[in-house]
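**Student:** Shown below is the structure under consideration.
2 protein chains.
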Amino acid sequence: MREIMNITKALSDASRVRALMLLTDGPLCVCQIIAMLGLAPSTTSKHMSILRQAGLVEATKEGRWMHYRLAPKTVSKQVRQALGWVVSGLEDDPQIRRDKSKLKKLIKVDKEALCRKQRN
Amino acid sequence: MREIMNITKALSDASRVRALMLLTDGPLCVCQIIAMLGLAPSTTSKHMSILRQAGLVEATKEGRWMHYRLAPKTVSKQVRQALGWVVSGLEDDPQIRRDKSKLKKLIKVDKEALCRKQRN
DNA sequence: CCTATATTTCGCCATATAACGAATTATATT
DNA sequence: AATATAATTCGTTATATGGCGAAATATAGG
Numbered sequence: 114m115r116e117i118m119n120i121t122k123a124l125s126d127a128s129r130v131r132a133l134m135l136l137t138d139g140p141l142c143v144c145q146i147i148a149m150l151g152l153a154p155s156t157t158s159k160h161m162s163i164l165r166q167a168g169l170v171e172a173t174k175e176g177r178w179m180h181y182r183l184a185p186k187t188v189s190k191q192v193r194q195a196l197g198w199v200v201s202g203l204e205d206d207p208q209i210r211r212d213k214s215k216l217k218k219l220i221k222v223d224k225e226a227l228c229r230k231q232r233n
Numbered sequence: 114m115r116e117i118m119n120i121t122k123a124l125s126d127a128s129r130v131r132a133l134m135l136l137t138d139g140p141l142c143v144c145q146i147i148a149m150l151g152l153a154p155s156t157t158s159k160h161m162s163i164l165r166q167a168g169l170v171e172a173t174k175e176g177r178w179m180h181y182r183l184a185p186k187t188v189s190k191q192v193r194q195a196l197g198w199v200v201s202g203l204e205d206d207p208q209i210r211r212d213k214s215k216l217k218k219l220i221k222v223d224k225e226a227l228c229r230k231q232r233n
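Written out as structure tokens, the structure is:
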């Protein structure tokens, strides 16, 4: 029951769900997620930590940069299916569409330049 | 996005998830759910209200008794998929098994007798 | 009508949670 | 080493949420 509850709790915040949906098109650096969500870096970091502990995302560090990606298909059935219904349920959502549109523009910015803009 | 968030928020409390799982074997009176969850009637009523607003359960009144049932398959895709996920993910859970075992015994008690026991 | 019963709503309280800024940690550059 | 940068952790605050008992509402019976 704990695994299911960890997942449902992780999904009960809209910003976290938005972060998940951003990752459906590929991995992102946390600095990109910060820019997308418009939250403080500390807040975003904590949200990603919750998603990670719930098994919904994975993280890899490259130098100073922390990249997050959706959990691979090899994870547990509960994670895979939860991602399945959330992602399919939101792919036509207006907010998510706006986010993805904005993300396309943001990705065109050089990562170094973007990350330098994110100061505490 | 609101529908999905209503669902995920509704599912983020363990008592509410337990209530949902109790209903997989058929409709129950709120007095039976109260007895199962061991919460105050007012608390249980509020939890069921949240589930109802999320579209996960439906309610019908019979005299003094309020019966709750899982939302029928005809509801939205998001609800159907979410319910499918929760139910399949928890059908082998120890807590849920204990609940279902207890529920079998409880159902054997006459409803009238049970409901009379539930005083505010 | 009055009384009893089942359920919901309301008000309160304790706890959890999301947000922020500051401090800390990890990494890179000079 | 000192300095800069990215991310996380920590501490604080405002808000949300789960729990309870009391009050209110709805229904049934005499």
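Chains as they are written, first to last, in this note's numbering: chain A, 114 to 233; chain B, 114 to 233. Just so you know, even glycine gets a beta-carbon here, dropped at the ideal spot from N, CA and C.
Can you round the beta-carbon distance between Arg202(B) and Ser189(B) to whole angstroms, since I take them to be within the 8 Å contact cut?
**Tutor:** The question names Arg, but residue 202(B) is Gly in the sequence shown. In fact, because the Cβ distance is near 20 Å, the residues do not count as touching under 8 Å.
**Student:** Assign Glu175(B) to one of three DSSP states: helix, strand, or coil.
**Tutor:** The answer is strand: DSSP assigns Glu175(B) an E or B state.
**Student:** Ala127(A) and Met149(B) - do their beta-carbons sit closer together than 8 Å?
**Tutor:** No, Cβ-Cβ distance for Met149(B) and Ala127(A) is not below 8 Å.
**Student:** Counting along the chain, where does the alpha helix (DSSP H) carrying Lys221(B) start and finish?
**Tutor:** 207-221 is the extent of the alpha helix (DSSP H) around Lys221(B).
**Student:** Measuring CB to CB, does Ser162(A) end up less than 8 Å from Thr121(B)?
**Tutor:** Result no, Cβ atoms of Ser162(A) and Thr121(B) do not sit closer than 8 Å.
**Student:** Ser201(A) lies in the alpha helix (DSSP H); which residues open and close that run?
**Tutor:** Taken as a continuous stretch (DSSP letters only), the alpha helix (DSSP H) holding Ser201(A) covers 190-203.
**Student:** Give the secondary structure of Leu124(B) by DSSP, where H, G and I count as helix, E and B as strand, and everything else as coil.
**Tutor:** Correct three-state label for Leu124(B): coil.
**Student:** Does Asp205(A) get closer than 8 Å to chain B when you measure Cβ to Cβ?
**Tutor:** So no, Asp205(A) is outside the interface.
**Student:** So is Ile209(A) in contact with chain B if we call contact Cβ pairs under 8 Å?
**Tutor:** Closer than 8 Å: yes.
**Student:** May I have the straight-line CA-CA distance separating Ser158(B) from Ala184(A), to the nearest angstrom?
**Tutor:** If I take the Cα positions, the gap works out to 37 Å.
**Student:** Thinking C-beta only, is Ala172(A) closer than 8 Å to His180(A)?
**Tutor:** Yes, the Cβ-Cβ distance between His180(A) and Ala172(A) is below 8 Å.
**Student:** Hey, how far is the Cα of Ile147(B) from the Cα of Thr137(B)?
**Tutor:** Roughly 16 Å between the two C-alpha positions.
**Student:** Counting C-beta neighbours from all protein chains within 10 Å, is the total for Arg211(B) 16 or more, i.e. buried, or is it exposed?
**Tutor:** Burial call: exposed.
**Student:** In whole angstroms, what is the alpha-carbon distance linking Arg182(B) and Gly176(A)?
**Tutor:** Computed Cα separation, rounded: 53 Å.
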